[in-house]
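To start, the structure under review is shown below, and the notes come after it.
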Amino acid sequence: MANLNGRARRKNTYDAIVVGSGITGGMAAKELTQKGLKVLVLERGRMVRHLEDYPTAVMDPWQTKYPQGQLPQAELAAHYPVQRRTNYTMTEYTQHFFVRDDENPYTEENRFDWIRGYHVGGRSLTWGRQSYRHSPIDFEANAKEGIGVDWPIRYEDLAPWYEHVERFIGVSGQHEGLAHFPDGHYQPPMEMNCVEKAFKTKSEARFPERRISIGRTAHLTDPTEEQLALGRTKCQFRNQCIRGCPFGGYYSSNSGGLVAAERTGNMVIRPNSIVTELIYDEKAGKASGVRVLDAVTKKDEEFHADVIFLCASAFNSTWILMNSTSSRFPNGFGNASDQLGRNVMDHHLGVGASGEAPEFADMYYSGRRPNGIYVPRFRNLGDAATKRSDYLRGFGYQGGAGRSTWDRDLGSRAQGAKGFGAARKAALTQPGPWTMGLGGFGEILPYEDNRITLNRDKKDAFGLPTLSFNVTMRENEIAMRRDMQTAAAEMLEAAGFKNVKGHDGGYAPGLGIHEMGTARMGRDPKTSVLNAHNQVHECKNVYVTDGAAMTSASCVNPSLTYMALTARAADHAVQARKRGDL
Amino acid sequence: MLNRRDAIRGLALAVGVGSSGWAERALAAAPAPAALTWMPTALTQEQARLLDVVAELIIPATDTPGAREAGVPQFIDRAVGDYYEKGQVDQLLGGLARMDADARAAHGDAFVALAPDKQVALLTTYDQEAGVARGQGQSHFFPALEDMVTVGYFTSEVGATQALRYEPVPGAYHGCVPLAEIGRAWATR
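Line by line, the protein sequences give chains A and B.
Add 95 to a position in the first sequence, counting from 1, and you land on the number used in our numbering.
Add 122 to a position in the second sequence, counting from 1, and you land on the number used in our numbering.
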């Protein structure tokens with residue numbers, strides 16, 4: 096019997112376990128396997144293989160079951176009441192990459208839009224692909240302003256890892272030479288269209304501190320040998336990324352990190368494996384492995400390793416820690432600080448302005464650029480000129496210009512009589528007016544009482560406890576939103592746009608799909624969960640490298656930072672393991 | 123006051139496609155086929171025939187095929203069965219019933235049996251009525267029906283590839299191209 100158990104245990108023993116296969120899990124798998132570790136990747140959802148499992152990737156508009164690929168209201172209401180809230184994630188083209196809410200319940204003490212994909216690759220398949228570095232001021236702000244806790248690292252600590260990740264995933268972008276918007280390693284930038292170029296010239300003449308750049312996005316415009324060898328090719332400008340890319344034109348875990356990991360021969364990936372808790376070895380004083388609930392057989396199984404990486408997305412990694420109680424960790428794994436589940440952050444959005452371009456009626460564009468323009472943060476940069484008295488931190492704009500097409504008079508988009516017949520048909524086959532929009536992405540501060548908690552009374556389909564959300568916007572965010580709207584309108588006005596309208600369509604926490612902060616990094620185990628290398632302060636062989644680790648949110652899209660933190664932590668883990676420190 | 127023909131020609135010229143003469147041809151559209159060439163599954167035969175005629179009036183064949191050749195009536199029939207909300211279906215069916223009732227009241231015949239100019243005149247009434255209703259924030263069956271036809275047409279293979287321009291794999295992005303080189307609106311973003 097003892098022998099049998101010994102064999103079973105050996106069979107289930109690896110050098111490292113990575114929990115989650117999304118944007119950070121894929122990077123952890125790649126880094127750890129390439130450094131020679133035998134790695135088990137556990138993914139709670141089904142397998143999604145690059146190319147084979149993108150069923151809608153090359154569908155034409157006329158091949159959808161429903162008009163415009165939209166799902167019937169009854170189906171959305173029954174199965175996707177949360178996933179539908181974005182208005183773009185839940186369509187016939189993308190349905191299979193998002194969870195069914197009725198099978199994955201949680202509690203909204205206050206509205207929280209938790210948009211999730213449970214499958215191999217996770218949201219790396221459906222992400223927005225915008226890839227920016229946090230800046231030096233982002234890492235210093237908490238300490239300077241006395242907000243939350245200080246980051247235990249600075250920009251210089253992460254800069255080489257940003258570059259390491261950028262070189263691997265491939266980022267297209269423009270160097271700008273701004274200290275608060277650090278340049279990275281870029282493939283050639285995508286082109287702005289006529290209206291965007293004119294907007295840049297005119298707005299920058301009036302507001303020189305508001306630099307207008309092309310989006311930095313994880314698309315290949317000049318692939319490297321390494322990227323081509325992985326089977327990835329140049330972006331084809333289809334702009335159907337969210338369905339999975341048959342060209343590997345944008346970075347996903349499925350087309351990148353997991354492929355690289357697979358090729359080392361050091362990775363085993365196990366889908367349908369819900370990690371329910373970390374196993375703590377009291378005697379050794381460290382985690383010995385994880386307990387898994389097989390989503391298909393419904394059986395429990397244990398897997399063991401020297402090192403464990405939690406990359407399950409911020410709230411699910413936090414859930415695993417919360418659910419891992421023992422006599423050593425009665426209030427959740429590594430939670431002596433009581434910070435686990437606190438400081439929920441996202442980026443608040445849905446506010447900005449739009450206007451009509453007065454010129455270029457005879458110009459158009461070809462190709463569908465999967466990217467827009469970017470206006471890096473221009474408030475509170477540390478000098479008097481950019482200082483705001485009404486709020487801390489800042490926001491960036493994402494936006495772009497385009498001409499409307501055949502759908503411009505649908506629904507309430509047109510007023511009055513539409514006309515009909517040959518004249519209307521002829522008009523709709525020509526592009527409509529140029530419009531340009533700017534939408535803000537604002538930093539949310541960490542607040543200890545913006546938190547998720549474990550609800551043992553409400554169980555999911557597997558009988559597992561669920562999360563409860565209590566997250567709200569505060570004065571700082573609300574004041575920032577006013578400025579986000581005003582400043583956008585100001586820029587469009589300055590650039591001569593007509594009919595400029597500010598808008599604030601409202602925002603519910605979570606809608607940015609940039610959840611962060613619930614197991615934050617910090618210098619002091621009394622006030623943070625993770626240390627400077629993403630190790631759980633109280634259990635050094637457990638690393639958390641997804642959004643949960645974030646000490647502050649910055650205003651830039653976070654995935655690049657998660658990946659850089661992951662690669663840095665993986666390097667640390669491999670060195671520490673070699674030294675016998677884990 | 124401009125008559126409809128002038129108005130159409132004027133608008134067609136304004137968008138640069140008036141010289142082919144199809145605007146006139148469209149007004150003198152060929153009579154609808156006597157029977158449907160397909161079997162409706164959600165609509166009745168009568169409703170489907172009327173829809174077939176109205177859809178073609180809303181998006182007629184010009185230098186490119188119209189709603190009928192694009193399969194728009196079938197598209198709407200399918201969506202009545204599995205997609206539209208009950209309110210949308212009720213509004214659509216109510217609209218179709220009203221068209222027939224109005225045709226009979228004014229001309230003593232079913233809508234599909236009327237001469238094209240009489241059909242166009244009735245639709246013009248609805249269009250103007252709808253313009254007023256929308257101004258007052260009210261819903262009207264005619265623009266709702268137009269939306270169904272418009273979506274069906276421009277997302278069809280015929281609409282996307284012939285009336286519009288469709289490129290499944292563009293391969294590159296060019297940000298400033300003379301419209302004349304492209305000629306039509308892109309079917310997808």
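All C-beta atoms, glycine included, are put in the ideal place defined by N, C-alpha and C.
Residue range of the unbroken alpha helix (DSSP H) whose run includes Tyr-161 of chain A: No alpha helix (DSSP H) contains Tyr-161 of chain A, which DSSP labels as neither H nor E.
Could you check the C-alpha separation between Ala-183 of chain B and Thr-524 of chain A for me, to the nearest Å? 13 Å
Rounded C-alpha distance that separates Tyr-542 of chain A from Thr-310 of chain B: 42 Å
Using a Cβ-Cβ cut-off of 9 Å, state whether Met-161 of chain B counts as contacting chain A. no
List the whole-angstrom C-beta distance separating Ser-267 of chain A from His-296 of chain B, where the pair is believed to meet the contact cut-off of C-beta under 8 Å. Ser-267 of chain A to His-296 of chain B, Cβ: 15 Å. No contact.
Which bits of chain B does Gln-163 of chain A rub up against, with CB to CB less than 7 Å? Val-273, Thr-277
For a contact meaning CB atoms closer than 8 Å, what does Ala-458 of chain A contact in chain B? The residue you asked about is not Ala; residue 458 of chain A is Met in the sequence shown. Residues of chain B passing the Cβ test: Cys-298, Val-299, Pro-300, Leu-301.
8 Å contact criterion, which Ala-590 of chain A and Phe-294 of chain A should meet: CB distance rounded: 5 Å
Can you find the residues in the same chain that come closer than 7 Å, C-beta to C-beta, to Gln-190 of chain A, ignoring five residues on each side of it along the sequence? Leu-166
Indicate the three-state DSSP secondary structure (helix, strand or coil) for Gln-210 of chain B in the structure shown. helix
Among B:Arg-200, B:Gly-188, B:Tyr-205, B:Pro-195, the one whose alpha carbon lies nearest that of Leu-171 of chain A: It is B:Tyr-205.
When you compare each of A:Thr-371, A:His-270, A:Ser-449 to Lys-593 of chain A by their alpha carbons, which one comes out closest? A:Ser-449
Would Leu-353 of chain A pass as a contact of Ala-662 of chain A if the rule is Cβ separation under 9 Å? no
Cβ distance (whole Å) where Arg-311 of chain A is taken to contact Gln-225 of chain A below 8 Å: 7 Å
By the 10 Å Cβ neighbour count, where 16 or more other Cβ atoms means buried, how is Ala-664 of chain A classified, buried or exposed? buried
Exposure label - Trp-160 of chain B; buried when at least 16 CB within 10 Å: So Trp-160 of chain B ends up on the exposed side.
With a Cβ-Cβ cutoff of 9 Å, do Pro-465 of chain A and Arg-546 of chain A count as a contact? no
Thinking just about the alpha-carbon of each residue, which of A:Gly-467, A:Pro-283, A:Cys-340, A:Asp-641 is nearest to the one in Ser-412 of chain A? A:Asp-641
Look at the Cβ atom of Gly-516 of chain A, then the Cβ atom of Phe-564 of chain A, and state whether they are nearer than 9 Å. Their beta carbons are not under 9 Å apart, which means Gly-516 of chain A does not touch Phe-564 of chain A by this criterion.
Just to make sure I have the definition right: I need the residues of chain B whose C-beta is within less than 7 Å of the C-beta of Thr-289 of chain A. Which are they? A small correction: the amino acid at residue 289 of chain A is Cys; Thr does not occupy that position in the sequence shown. Simply Gly-297, Cys-298.
For Ile-337 of chain A, which option in A:Pro-425, A:Leu-476, A:Gly-212 has the closest C-alpha, if you only look at C-alpha atoms? A:Gly-212
Could you tell me how far apart the beta carbons of Pro-195 of chain B and Ala-177 of chain B are, in whole angstroms, since I believe they sit closer than 8 Å? 5 Å
Quick one: measure Cβ to Cβ for Gly-325 of chain A and Gly-351 of chain A, integer angstroms, because I've assumed they're closer than 8 Å. Sequence check: residue 325 of chain A is Leu here, not Gly. Yes, they are in contact, since the Cβ atoms of Leu-325 of chain A and Gly-351 of chain A sit about 6 Å apart, within 8 Å.
Reduced DSSP category for Val-402 of chain A - H, G, I as helix; E, B as strand; rest coil: strand
I'd like to check one pair, Ala-237 of chain B with Asp-222 of chain B: are the Cβ atoms closer than 9 Å? no
Helix, strand or coil for Phe-490 of chain A, going by three-state DSSP, please let me know. strand
Find the nearest neighbour of Ala-294 of chain B within the set A:Met-579, A:Gly-558, A:His-314, A:Gly-121, judged by alpha-carbon distance. A:His-314
Are the C-beta of Thr-524 of chain A and some C-beta of chain D separated by less than 9 Å? The structure shown has no chain D; the protein chains it does contain are A and B.
Count the other CB atoms, across all protein chains shown, that sit within 10 Å of the CB of Arg-190 of chain B; report buried if there are 16 or more and exposed otherwise. buried
9 Å Cβ cutoff met for His-443 of chain A and Tyr-109 of chain A: Contact: no.
Using DSSP with H/G/I as helix, E/B as strand and the rest coil, what is Arg-180 of chain A? helix
Does Gly-217 of chain B have its Cβ less than 9 Å from a Cβ in chain A? no
So, helix, strand or coil for Thr-184 of chain B, using DSSP? coil
CA-CA distance, Lys-53 of chain A and Thr-622 of chain A? Coverage of chain A is limited to positions 96 through 677, which leaves residue 53 of chain A absent and any answer about it impossible.
With H, G and I counted as helix, E and B as strand and the rest as coil, what does DSSP make of Asp-110 of chain A? strand
Along chain A, which residues have their Cβ under 7 Å away from the Cβ of Asp-269 of chain B? Leu-505, Gly-506
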